[in-house]
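Engineer: Shown below is the structure under consideration.
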Amino acid sequence: MRRRGRPIRGFFAGLLLGIFLSLDLALMGAVKLESPVLTILPAALAVLGLILGWWAPLGRPKKVRRSKAEPLPEPVAWPDDAPVEGSMTASGLSFPVPPPPPPVGAPPAAPPPAEPPSI
Amino acid sequence: MRVIRIVVALAIVVLVPVLTASAAHATLEGPCTASGKISATTYDAHLATAKIPRTGDVHWKGAINNGGRGQRPIEGKVYVKLPPPFGRVQLAGSWNGPSSLYANSGTYHYDLPEVLVGPKFTVSGHHAERGAVVCRGSIEVQLSGSPIKNPALIASLVITVFAILNFFLALRAKVV
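In order, the protein sequences belong to chains H and L.
So for the first sequence, this note's numbering puts the first residue at 1; every next one is plus one.
So for the second sequence, this note's numbering puts the first residue at 1001; every next one is plus one.
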């Protein structure tokens, strides 16, 4: 989709705005009636309207800036031993199940004492 | 947006000195004197601006003190300056032809419309003798009254609001 500006419409919009702004300034007494500002303002706004109308800064899609950060890693599948939806306890906490304790049996036999060295 | 900011800043730098500059006082050059009295107020070259009522009688008088005598061709007019390229608009006061008078006075009735309340006019005039301008003067004139009540100003402000909206609508990009 291409977007274009409206230079002709901008020119006449600027000219119209300049004429009525000059009229406002003259009628309010802000500028003397013989001041050249009253003729420069419509001409300047007409040119400004032509330039801005051609550029058309409003409504253009913003350019997406590429960041210098590294791209995100590829997503991985959910592990099978991870908790799934609906597996939470009533308290809302889900602790991992501890492994079973080792079986209780006879302690291992102590090793024979070492003979003292002969003198 | 950066370009818009630069343009706005330039406009402020250029327009503020131009808009705020104003004449220091009325001017009268040459061997002439001129004054006008409206109600109890006398307006002459000593006043910077003249704020006069919208309607009234002005008792005017003028004289040239160059020591001249006898009849000679004179010419003069009073006018209001407009912005370029419109030039100037002549008012009712003008004189032309041979004259032996070196001073004159009179009463002039004026009645100006309400749409002229608010603007600042520079009223200027000159007097010439034997084809050469010997006196010239000007004074800033404004009609007394509130400019907010000027119907032309109210209409112009309303249209200005729509013109601003129209201007920003013209800056939109159109899909092709």
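Heads up, the beta-carbon is just placed ideally off N, CA and C, and yes, glycines get one too.
Taking a contact to mean a Cβ-Cβ separation below 8 Å, would you say H/G10 touches H/L50 in this structure?
Structural biologist: Mapped onto the first sequence, residue 10 of chain H falls at position 10. Mapped onto the first sequence, residue 50 of chain H falls at position 50. Yes, Cβ-Cβ distance for H/G10 and H/L50 is below 8 Å.
Engineer: Rounded to whole angstroms, how far is the Cβ of L/P1083 from the Cβ of H/L33, which I believe are closer than 8 Å?
Structural biologist: On the second sequence, residue 1083 of chain L is found 83 positions in, with the first residue counted as 1. On the first sequence, residue 33 of chain H is found 33 positions in, with the first residue counted as 1. Correct: roughly 7 Å between the Cβ atoms.
Engineer: For L/I1038, which residues in the same chain have their Cβ closer than 6 Å to its Cβ, ignoring the five residues on either side in sequence?
Structural biologist: For the purposes of this step, residue 1038 of chain L is identified with residue 38 of the second sequence, where counting begins at 1. Closer than 6 Å at the Cβ level, and outside the excluded window around L/I1038, lie I1052, G1056 and V1058.
Engineer: Could you tell me which uninterrupted beta strand (DSSP E) segments, each at least 3 residues in length, are contained entirely in the segment 1124 to 1174 of chain L, listed from first to last along the chain?
Structural biologist: 1132 to 1143
Engineer: Give a yes or no on whether the minimum CB-CB distance between H/L128 and chain L is below 8 Å.
Structural biologist: Because residue 128 of chain H is not part of the residues shown, which for chain H are 1 to 119, the question remains open.
Engineer: Under 8 Å between C-beta atoms, does H/D24 make it to chain L?
Structural biologist: For this step, residue 24 of chain H is matched to residue 24 along the first sequence. Yes - at least one Cβ of chain L is within 8 Å of the one on H/D24.
Engineer: Quick check: is the beta carbon of L/N1166 nearer than 8 Å to any beta carbon in chain H?
Structural biologist: Position 166 of the second sequence, counted from the first residue, corresponds to residue 1166 of chain L. A Cβ of chain H is located within less than 8 Å of the beta carbon of L/N1166.
Engineer: Could you check the C-alpha separation between H/G5 and L/A1173 for me, to the nearest Å?
Structural biologist: Looking up residue 5 of chain H in the first sequence gives position 5. Looking up residue 1173 of chain L in the second sequence gives position 173. If you take the alpha carbons of H/G5 and L/A1173, they lie about 5 Å apart.
Engineer: Taking the C-alpha atoms as reference points, what is the distance between L/A1024 and L/G1030?
Structural biologist: Locating residue 1024 of chain L in the second sequence gives position 24, where the first residue counts as 1. Locating residue 1030 of chain L in the second sequence gives position 30, where the first residue counts as 1. With a pLDDT of only 43 at L/A1024, under 50, the local geometry of the prediction cannot be trusted, and no value is derived from it.
Engineer: Does the Cβ of L/G1118 have 16 or more other Cβ atoms within 10 Å, making it buried, or fewer, making it exposed?
Structural biologist: As a working mapping, residue 1118 of chain L is identified with position 118 in the second sequence. When all chains shown are included, L/G1118 counts as buried.
Engineer: What are the residues in the segment 1078 to 1090 of chain L lying within 9 Å of chain H by C-beta distance?
Structural biologist: V1080, K1081, L1082, P1083, P1084, P1085, F1086 and R1088
Engineer: Give me the Cβ distance between L/S1156 and H/D24, rounded to the nearest whole Å; I'm assuming they're in contact under 8 Å.
Structural biologist: Along the second sequence, read from residue 1 onward, the residue named residue 1156 of chain L stands at position 156. Along the first sequence, read from residue 1 onward, the residue named residue 24 of chain H stands at position 24. Taking C-beta atoms under 8 Å as the contact rule, L/S1156 and H/D24 qualify, at a distance of about 5 Å.
Engineer: If distances are taken between C-alpha atoms only, which option among H/A13, H/I19 and H/L41 comes closest to L/L1165?
Structural biologist: Taking the first residue of the second sequence as 1, we reach residue 1165 of chain L at position 165. For L/L1165, the nearest C-alpha among the options comes from H/A13.
Engineer: From the DSSP output, read off the bridge partner residues of H/G183.
Structural biologist: Because chain H is modelled from 1 through 119, residue 183 of chain H falls outside the range shown and cannot be assessed.
Engineer: Give the secondary structure of H/W54 by DSSP, where H, G and I count as helix, E and B as strand, and everything else as coil.
Structural biologist: Sequence index remark: in the first sequence, residue 54 of chain H carries index 54 (1-based). Three-state result, H/W54: helix.
Engineer: Report buried or exposed for L/F1167, applying the criterion of at least 16 other Cβ atoms within 10 angstroms of its Cβ.
Structural biologist: In the second sequence, residue 1167 of chain L corresponds to position 167, counting from 1. By the neighbour-count rule (16 or more Cβ atoms within 10 Å), L/F1167 is buried.
Engineer: Could you pull out every residue in the same chain whose Cβ sits closer than 7 Å to the Cβ of L/N1066, ignoring the five residues on either side in sequence?
Structural biologist: Here residue 1066 of chain L refers to the residue found at position 66 when the second sequence is read from its first residue. Counting only Cβ-Cβ distances below 7 Å, and skipping sequence neighbours, we find P1031 and V1134.
Engineer: List the residues of chain L whose Cβ lies closer than 9 Å to the Cβ of H/P83, in chain order.
Structural biologist: In the first sequence, residue 83 of chain H corresponds to position 83, counting from 1. Within 9 Å Cβ-Cβ: nothing; H/P83 doesn't reach chain L, min ~49 Å.
Engineer: With a threshold of 16 other CB atoms inside 10 Å of the CB of L/H1127, please say whether the residue is buried or exposed.
Structural biologist: As a working note, residue 1127 of chain L is residue 127 in the second sequence. It counts as buried.
Engineer: If you check the beta carbons only, do L/I1139 and L/V1158 fall under 8 Å apart?
Structural biologist: Numbered from its first residue, the second sequence carries residue 1139 of chain L at position 139. Numbered from its first residue, the second sequence carries residue 1158 of chain L at position 158. No; because the gap between Cβ atoms is not below 8 Å, this pair is not in contact.
Engineer: Would DSSP call L/V1115 helix, strand or coil?
Structural biologist: Along the second sequence, one-based indexing puts residue 1115 of chain L at 115. Note: L/V1115 maps to helix in three-state DSSP.
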